Amino acid sequence: MSVLIIAEAGVNHNGSLELAKKMALVAKECGADIVKYQTAKPELVISQFAPKAEYQKETTGAGESQLDMVKKIHFGFDAHRELKEYCDSIGIMYLSTAFDLDSVDFLAEMDIPVWKIPSGEVTNLPYLEKIAKLHKPVIMSTGMCEMEEIGAAVEILKNNGAGEITILHCNTEYPTPIEDANVRAMLDIQKTFGTKVGLSDHTLGPEADIAAVALGATVIEKHFTLDRNMEGPDHHASMEPQELKAMINSIRRTELALGDGVKRVTRSEGKNKDIARKSIVAKRRIKAGETFTADNLTVKRPGNGISPMKWYEVLGKTAKRDFEYDELIEL
0 MSVLIIAEAG
10 VNHNGSLELA
20 KKMALVAKEC
30 GADIVKYQTA
40 KPELVISQFA
50 PKAEYQKETT
60 GAGESQLDMV
70 KKIHFGFDAH
80 RELKEYCDSI
90 GIMYLSTAFD
100 LDSVDFLAEM
110 DIPVWKIPSG
120 EVTNLPYLEK
130 IAKLHKPVIM
140 STGMCEMEEI
150 GAAVEILKNN
160 GAGEITILHC
170 NTEYPTPIED
180 ANVRAMLDIQ
190 KTFGTKVGLS
200 DHTLGPEADI
210 AAVALGATVI
220 EKHFTLDRNM
230 EGPDHHASME
240 PQELKAMINS
250 IRRTELALGD
260 GVKRVTRSEG
270 KNKDIARKSI
280 VAKRRIKAGE
290 TFTADNLTVK
300 RPGNGISPMK
310 WYEVLGKTAK
320 RDFEYDELIE
330 L
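Numbering (numbering that gives the first Met the number 0), first residue to last: 0 to 330.
Right, dumping it as structure tokens:
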């Protein structure tokens, strides 16, 4: 099964439904399987006293609260209904992450096929319980998490009836320094919890994502934007369309390169066997009746004669005819 690629639009639509639709179309054109947004009632998610993250201050300034910033870049439930209809019409799966319980109820009404739990909600027990009781597959990011916290969340999900769980390794810094990507931590998660795994990646390039696919990721999530220079908290840490398309193409080629893991001669290389391999040939002229020895035999290309693996079977045999220099030996 192909790696599931989630193009994370997030709030990079800046609160514009038309921009959100355009992002869905671009995600499809780039080859993504899913375009994902964020659904929230900001006042249920963020207190008026919550500070901005440092990266948010750098990208949007420090003169407003986190709540005020988020209010400007979210749109309401009706817009999400229209957005889902649009995604359905163009043939890309709509997905959105709920950030509060009201939004969970709303997305449940829309019957989304899978639930995406963001890193910040891994320690939110009521939220985890509510999603688990919907009995749908869950994809959970794990930025900022210790293994014990992941384990506690997985236990809550399982105990409350969640469907198949996929755990995404993640680093919640925007952008993530490449030296902090630590892609192999994904393998530790897989070994510990026995689930499918993937990567929710905030590095700027495709390297971590391609490495994750090579290591067995089943899901890749990547932020994208139509223009990295737009105003908003996440644009600067997101891929532009041409970069997203190149990453997806690289992932698909990586999947092809990984193959099925069974060592065999492929159709493309089979024709080269006789050219690249060697056969037992006459090292000099050999007369009929002579005994084959290491002095009158050698090994050279092409490989359409007697295999050198039969060297000792040939030594000591008698030549049944004359052989010219370099001629393939026959018994």
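Beta carbons: idealized from backbone N, C-alpha and C, even for Gly.
Owing to the predicted nature of the structure, the values given are computational and were not obtained by experimental measurement.
CB-CB under 6 angstroms to residue i, same chain, minus the five flanking residues each way: which ones, in chain order?
i	result
Glu273	It should be noted that the sequence gives Asp, not Glu, for residue 273. Closer than 6 angstroms at the Cβ level, and outside the excluded window around Asp273, lie Pro301, Gly302 and Asn303.
Glu329	none
Using the beta-carbon count (16 or more within 10 Å), is residue i buried or exposed?
i	result
Ser88	exposed
Lys20	buried
Lys316	exposed
Thr96	buried
Ser1	exposed
Met308	exposed
Lys262	exposed
Gln241	exposed
Between the options, which has its C-alpha nearest residue i's C-alpha?
i	options	result
Ile4	Leu24, Asp208 and Thr265	Asp208
Met238	Tyr173, Ala213, Ser95 and Ala216	Tyr173
Lys286	Lys319, Val313 and Val264	Lys319
Gln47	Lys70, Lys27 and Tyr54	Lys70
Leu167	Leu156, Glu220, Ser95 and Ala161	Glu220
Ser118	Trp310, Glu145 and Pro136	Glu145
Val34	Ala8, Gly160 and Ile116	Ala8
Leu18	Ala49, Glu42, Glu81 and Glu57	Glu81
Thr217	Gly90, Thr165 and Asp110	Thr165
His134	Pro125, Lys157, Ile116 and Val264	Lys157
Ala151	Val121, Thr171, Met143 and Ile138	Val121
Glu323	Pro307, Lys299, Val280 and Trp310	Val280
Leu124	Ala293, Tyr54, Glu154 and Glu268	Glu154
Gly193	Thr290, Glu163 and Pro50	Glu163
Met334	Gln65, Met22, Phe76 and Met68	As displayed, the chain neither begins before 0 nor continues past 330, which places residue 334 out of reach and without an answer.
What did DSSP end up calling residue i once you bin it into helix, strand or coil?
i	result
Thr317	strand
Ile89	helix
Gln47	coil
His73	coil
Tyr36	strand
Lys406	For residue 406 there is no data in the structure shown, the boundaries of the chain being 0 and 330.
Met238	strand
His168	strand
Thr217	coil
Lys299	strand
Asp110	coil
Val280	strand
Asp208	helix
Thr202	coil
Below 8 angstroms on the Cβ atoms is my contact criterion, and I expect residue i with residue j to pass it. Report the Cβ-Cβ distance as a whole number of Å.
i	j	result
Phe74	Gly14	6 angstroms
Glu254	Val313	With a Cβ gap of about 45 angstroms, Glu254 and Val313 do not count as contacting.
Asn295	Lys282	5 angstroms
Ile111	Gly231	Rounded, the Cβ-Cβ distance is 24 angstroms, inconsistent with contact.
Ala131	Ala161	4 angstroms
Does any residue of chain D bring its CB to less than 8 angstroms from the CB of residue i?
i	result
Lys316	Protein chains in the displayed structure number just one, and chain D is not present.
Residues in the same chain with beta-carbon distance under 8 angstroms from residue i, minus the five sequence neighbours each way, listed in chain order, please.
i	result
Asp226	His234 and Glu239
Arg183	Leu214
Gly288	Thr317 and Ala318
Val264	Lys272
Please list, in chain order, all residues of the same chain as residue i whose beta carbon is under 7 angstroms from its beta carbon, the five residues on each side excluded.
i	result
Ser102	Thr38, Ala39 and Lys40
Thr224	Asn11, His234, Ser237 and Glu239
Leu24	Ile89
Is any non-hydrogen atom of the ligand GDP found closer than 7 angstroms to the C-beta of residue i, if you look at the structure I gave you?
i	result
Lys115	Only the bare structure without any ligand can be found here, which leaves the ligand GDP out of the picture.
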